[in-house]
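Structure record follows, encoded as structure tokens.
2 protein chains.
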Amino acid sequence: MLESLPAAASIPEVSARIAEALAEVESIFDAQLASDFPSVNELCRHVERYRGKRLRPTLVLLSGLAAAGGDTTRGLSRRHRVLGAVVEMIHMATLVHDDVLDEAEVRRRGATVNRLRGNEVAVMLGDYLISNAFHLCSSLGDPSLNLALGATTNTVCEGELLQLHHRDDLSLDERTYLEIVRRKTASLVGACCGLGARLSGADERVQSALERFGLAAGVAFQVQDDLLDLSGDADVVGKTLGRDLEKGKLTLPSVLLFATAEPSVRESLLAATLARDSAAVRSVLDRSGAIGAARRRAASFVEDAKKDLAALPASPARDLLHRLADAVLSREA
Amino acid sequence: MLESLPAAASIPEVSARIAEALAEVESIFDAQLASDFPSVNELCRHVERYRGKRLRPTLVLLSGLAAAGGDTTRGLSRRHRVLGAVVEMIHMATLVHDDVLDEAEVRRRGATVNRLRGNEVAVMLGDYLISNAFHLCSSLGDPSLNLALGATTNTVCEGELLQLHHRDDLSLDERTYLEIVRRKTASLVGACCGLGARLSGADERVQSALERFGLAAGVAFQVQDDLLDLSGDADVVGKTLGRDLEKGKLTLPSVLLFATAEPSVRESLLAATLARDSAAVRSVLDRSGAIGAARRRAASFVEDAKKDLAALPASPARDLLHRLADAVLSREA
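Protein chains in written order, with my numbering: chain A, 1 to 333; chain B, 1001 to 1333.
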């Protein structure tokens, strides 16, 4: 039990106990999704292939500890673990729903599209995850948590709808790009940190410092995601790359280049983008320095995130959040 | 205001005030979905084309009144109207997500499929509705309502997943068919009635009588929906018919006939079903009497529903629920 740790544990001790707590998050997650119907459970097993880094529950737990000044004797409760399962469920729902393809893509991608069990199963499985996330959150009996979570998922959906509205919009500007990213990705990451702190009884100032940390780190995370989709190693990333281009989503390097490049470069990028030619897109972005510029933007968001941590008392948990923010930039998967 | 009605209003008076309350439900619905982003509001306008009979909010309101013995001075509150908007939002989300098509259907239906804005928009719009429904419900500040709603939507999703599991399963038996229908359709209808009563402060006995009423009426409603999809008039029903066949969903007449028909009839039904030949399916079901048998099943669920109303004090609201149950069988749209 995390609660039995000494008040001032070392970084390796805290890491080990976070790992233990994550295992409990996973048990709560699985128990919540278990259905009376074997066929529903069978479909739910598809969710397993989305399991990844568990970044969001980790942030709930670390923020809960950091907000308590790293005092592991009062930092974490079962409520943190339940909330960890809730946010992971919401995140997985977004991944599952992201697998739904449009007509044109279906035609283009042919047989590879139906890895899961088709669009309809992806939709219903995602809905089952969303519904269970809200149900699990309601089990905590705190209406303000439900309200905060609902406001966050409203924002996530607005970000997704905004992104779809700007599909194939080659004049997307950086401000709108960042608004989309803040909503669709960073808002949930920010909520993980802010609500993790709230569950530890932190005051408003600490809660909002951690929420801002999560927002800034979340933006950096999404920019890095764009970069990996553009030029990552598919075997390392572990998912199909080039999806943004295929789905008509501009990534930050393209946004920056369309805004600043001279006509001939713009023309090359335009042609490559419209042709959905990912090698050509990558090559234009690389040569023009746009990939480097996007990396610098991500690094600056990480710096912002780390500054927000200064509002917290020093602790191993705060140090781990610091490391986690840095790791966003170096991650290859 | 409904509250200003005399305690013992007549049926036309109650109907008129329900219509007024439904207008308020609609205002709450629209206000909840309003976004800061014009493009999100634009996408939300697609939801309007799904607006229909507003059966579910009507049931919340009527059940609220009926549970209070039809005393319109204490029967309804703003909470009933908010819950009405919540359940309508959930219902619309299921309709929007039902528009998502699978690969094979996309190919078969060609250009007609993209009436909305494609699968991805349908998914995100549905998610936005679900998220807003939970957020709006949370605004009532009653964790037990959130918990009940979450349990209901879990059940709805299980029904949908169960249905997908049995897609193209020509050996689907009546028991499983009814389990699917109870979950995917009737559970939400039952919750509308039970929670409408709970918000009026009704005791457990009245709440559960109304929930059972909604469950039975909901099953009848879905069977009638199957029948309309099979042999309704597309202009009257107002939606594309034959979708169940296309999506591999067995309707009750087919379930009954596969279970009872002699080999030659089974063979004809099998061939017509596999060929997705709706005229031929309809013809076999008609001639064999399976459509009549399904109608009788629906009628018997309506009788069950009406019996549950006997637990309530006599009132115009109870009479209206009675009529509403009867109307399920005669509806053509």
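Cβ atoms here follow ideal geometry from the backbone N, Cα and C, with glycine treated the same way.
The contact set of Gly1150 (chain B) on chain A, defined by CB atoms closer than 7 Å, consists of Ser131, Phe134, His135, Ser138 in chain order.
If you check each beta-carbon in the region 1144 to 1173 of chain B against every beta-carbon of chain A, the ones closer than 7 Å belong to Asn1146, Leu1147, Gly1150, Ala1151, Thr1153, Asn1154, Cys1157, Glu1158, Glu1160, Leu1161, Leu1162, Leu1164, His1165. Listed along chain B is no residue with a C-beta nearer than 7 Å to that of Leu178 (chain A); the closest approach is about 14 Å. Setting aside the 5 residues that flank it on each side, Leu1136 (chain B) is surrounded in the same chain by Ile1028, Gln1032, Val1082, Ala1085, Val1086, Met1089, each with a C-beta closer than 8 Å to its C-beta; the list follows chain order. Of the residues assessed, Glu158 (chain A) falls on the buried side of the cut-off, its CB having 16 or more other CB atoms within 10 angstroms. For Asp1142 (chain B), the chain A residues whose Cβ falls inside 8 Å of its Cβ are Pro143, in order along the chain. Contacts between Val40 (chain A) and chain B, judged by CB atoms closer than 8 Å, involve Glu1158, Leu1161, Leu1162, His1165 in chain order. Scanning the region 10 to 36 of chain A from its first residue to its last, the whole alpha helix (DSSP H) runs of 4-plus residues come out as 11 to 33. In summary, no residue of the region 47 to 66 of chain A has a CB separated from any CB of chain B by less than 8 Å. Restricted to the region 173 to 200 of chain A, the alpha helix (DSSP H) segments that are unbroken, complete and at least 4 residues in length are 174 to 181, 187 to 199, listed in chain order. Contact check for His1091 (chain B) against Leu1061 (chain B) fails: the beta carbons are separated by 8 Å or more. Within 10 angstroms of the beta-carbon of Ser1010 (chain B) lie fewer than 16 other beta-carbons, which makes it exposed.
Proximity of Asp1127 (chain B) to chain A, defined by a Cβ-Cβ separation below 8 Å, is satisfied.
Scanning its chain for C-beta atoms nearer than 8 Å, with the 5 sequence neighbours on each side dropped, one finds around Asp319 (chain A) the residues Ile11, in chain order.
If you check the CB distance, Leu1170 (chain B) and Ser1077 (chain B) do not come in under 8 Å.
Secondary structure note for Leu1125 (chain B): its alpha helix (DSSP H) is the uninterrupted segment 1119 to 1138.
Distance from the CA of Arg182 (chain A) to the CA of Leu1022 (chain B), rounded to the nearest whole angstrom, comes to 36 Å. In the structure shown, Asp71 (chain A) adopts extended strand secondary structure according to DSSP, grouped into three states.
Put simply, the region 269 to 288 of chain A does not touch the region 305 to 321 of chain A. Fewer than three CB pairs are less than 8 Å apart. Contact check for Leu1329 (chain B) against Gln1224 (chain B) passes: the beta carbons are separated by less than 8 Å.
Taking a cut-off of 8 Å for Cβ pairs, the region 282 to 289 of chain A and the region 245 to 260 of chain A touch, as three or more such pairs fall below it. Where Val284 (chain A) is concerned, the enclosing alpha helix (DSSP H) starts and stops at 278 to 288.
DSSP, reduced to helix, strand and coil, places Arg1205 (chain B) within a helical segment of the structure shown. Counting only residues of its own chain and dropping the five nearest sequence neighbours on each side, Asp1127 (chain B) has a CB closer than 8 Å to the CB of Ala1093. Per the Cβ contact rule, the region 1183 to 1192 of chain B is in contact with the region 1211 to 1222 of chain B (3 or more Cβ pairs under 8 Å). For the C-beta of Ser77 (chain A), not a single chain B residue is nearer than 9 Å; the gap to the nearest is close to 17 Å.
Annotation: the continuous alpha helix (DSSP H) that includes Thr1094 (chain B) extends over 1078 to 1098. DSSP places Arg297 (chain A) within a helical segment (H, G or I) once states are collapsed to three.
Identification of chain A residues near Phe1037 (chain B) by a Cβ-Cβ cut-off of 7 Å yields Glu158, Leu162, ordered along the chain.
As the crow flies, the alpha-carbon of Asn1119 (chain B) is around 25 Å from that of Ser39 (chain A). Boundaries cannot be given for Gly248 (chain A), as no alpha helix (DSSP H) includes it and DSSP labels it neither H nor E.
With contacts defined as CB atoms closer than 8 Å, Leu101 (chain A) and Val47 (chain A) fail to qualify as a contacting pair. No Cβ of chain B is located within less than 8 Å of the beta carbon of Leu227 (chain A). Lys53 (chain A) is classed as exposed because its beta carbon has fewer than 16 other beta carbons within 10 Å across all chains shown.
For Leu245 (chain A), no CB of chain B lies under 8 Å from its own CB, so it is not counted at the interface with that chain. Ser1063 (chain B) sits in a helix when the DSSP states are folded into three classes.
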